[in-house]
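In our numbering, the protein residues as written are 215 to 630. Below you'll find the structure, written out as structure tokens, and then a few comments.
The structure is reproduced here in structure tokens:
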């Protein structure tokens, strides 16, 4: 029994677990940072070109939707042919999208760059693929904390990039700031090679055996007939709705209530820093309590935090405090969600199956960003979307409670 993991480990990876985790964390940080800074560019772009906020919102909504739409396909390609090519291709698309966004002078060009190119780029090089690679490359004892670390690294990117983005916008202008971000994204490529697996390599064993000879179609049929997986996917919708709305519209909302631009940038940064703590704690808690209960508390906690924020008088202090509290819950859904996918179905098609869960997340993100812009233009306020975020959080807390935390029944499965 002890010899099998050693053989599997040797077959699939050339680097120590510490190196794999470090490389994956750097990729998550680099790719999440510019995306989390998108809201900083809304005011300067709309002022320069005279666009409504709905124009910018549509671009970011397209980005979220295509990020989610591309994730299952990018995951399927990575599951079949390895992670490195997918990550490198995604980084090139992402960087190209940032450059197109930098020089967009029409709504159509903005939607192409910020929407289509960045959206598909993110689907192929963000933390969804990193977490799947961790699941395949790392020993089982490493996985829960590695999922938390990878998510926390993305959070640190959110802490690091918005203040830098603010400084760059003030010093060299928003056009050049986006070009600098594009150059940073290309750093993903050298780190990607540390997540390489051979196509014929033996995947690290997991608690759930992989089904020999199972096709992609069979894996999808099995997953979408599994009630607990469907509930998990539905609940993840709310996570995307809340996060994308706040990321895209928080700086503009704070400016509307009379705060300086730095408050928006630092609120996003505080969210990122608190998120790093929350994600690591979530990874740790995922091994010590039922994951469905952890998810329910996270969604409920978000709703309480949002309600308190919009009911309290606005000030820099309340904005930064909200950033700290909501940050603890920000991406803390990801370690238990990814762990549940792997627990239910094993590692063989994890990137693809987590990708479908992430698609639900990004449909939520699409609607959160889009409704934020459209309803603001219609009513002059974000209040409807804030209250909708609260209601969705309560609904997702309830949706996750009936999830059954055990592997799908596979009478013919053999250990991978």
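Note that the Cβ used here is the ideal one computed from N, Cα and C, for glycine as well.
Could you check how far apart the C-beta atoms of residue i and residue j are, in whole angstroms? I think they sit under 8 Å.
i           : j           : result
residue 583 : residue 275 : 4 Å
residue 493 : residue 546 : 5 Å
residue 539 : residue 519 : 5 Å
residue 454 : residue 325 : Their Cβ separation, rounded to whole angstroms, is 19 Å, which puts residue 454 and residue 325 out of contact at 8 Å.
residue 558 : residue 477 : The Cβ separation is near 42 Å, so there is no contact.
residue 446 : residue 617 : 6 Å
residue 233 : residue 408 : 6 Å
residue 246 : residue 553 : Actually they do not touch by this definition, with Cβ atoms about 20 Å apart.
residue 536 : residue 512 : The Cβ separation is near 16 Å, so there is no contact.
With 16 as the cutoff for other CB atoms within 10 Å, does residue i come out buried or exposed?
i           : result
residue 436 : buried
residue 334 : buried
residue 355 : exposed
residue 613 : buried
residue 527 : exposed
residue 480 : buried
residue 573 : buried
residue 620 : exposed
residue 525 : exposed
residue 230 : exposed
residue 427 : exposed
Can you find the residues in the same chain that come closer than 6 Å, C-beta to C-beta, to residue i, ignoring five residues on each side of it along the sequence?
i           : result
residue 337 : 281, 284, 285, 288
residue 433 : 563
residue 631 : Examination of residue 631 is not possible in this model, given that the chain is present from 215 through 630 alone.
residue 548 : 365
residue 598 : 589
Looking only at C-alpha atoms, which of the options sits nearest to residue i?
i           : options            : result
residue 402 : 600, 308, 483      : 308
residue 397 : 571, 468, 314, 347 : 314
residue 467 : 395, 594, 503, 498 : 594
residue 404 : 487, 485, 300      : 300
residue 473 : 395, 536, 530      : 530
residue 378 : 513, 254, 439, 514 : 254
residue 550 : 600, 533, 497      : 497
residue 400 : 442, 305, 351, 507 : 305
residue 499 : 357, 484, 265, 292 : 357
Between residue i and the rest of its own chain, which residues show a CB-CB distance below 7 Å, the 5 nearest in sequence each way excluded?
i           : result
residue 364 : 238, 239, 242, 341, 344, 345, 348
residue 220 : Residue placement at residue 220 is poorly supported in this model, since its pLDDT is 38, which falls under 50; the coordinates still yield a value, given next. Counting only Cβ-Cβ distances below 7 Å, and skipping sequence neighbours, we find nothing.
residue 320 : none
residue 250 : 371, 372, 375, 376, 461, 482, 486
residue 331 : 307, 310, 311, 314
Excluding five sequence neighbours on each side, which residues of the same chain lie with their C-beta closer than 8 Å to the C-beta of residue i?
i           : result
residue 413 : Residue placement at residue 413 cannot be trusted, given a pLDDT of 45 that sits under 50; what the coordinates show is reported in the next sentence. 294, 295, 296.
residue 471 : 528
residue 279 : 333, 576, 577, 579, 580
residue 588 : 268, 271
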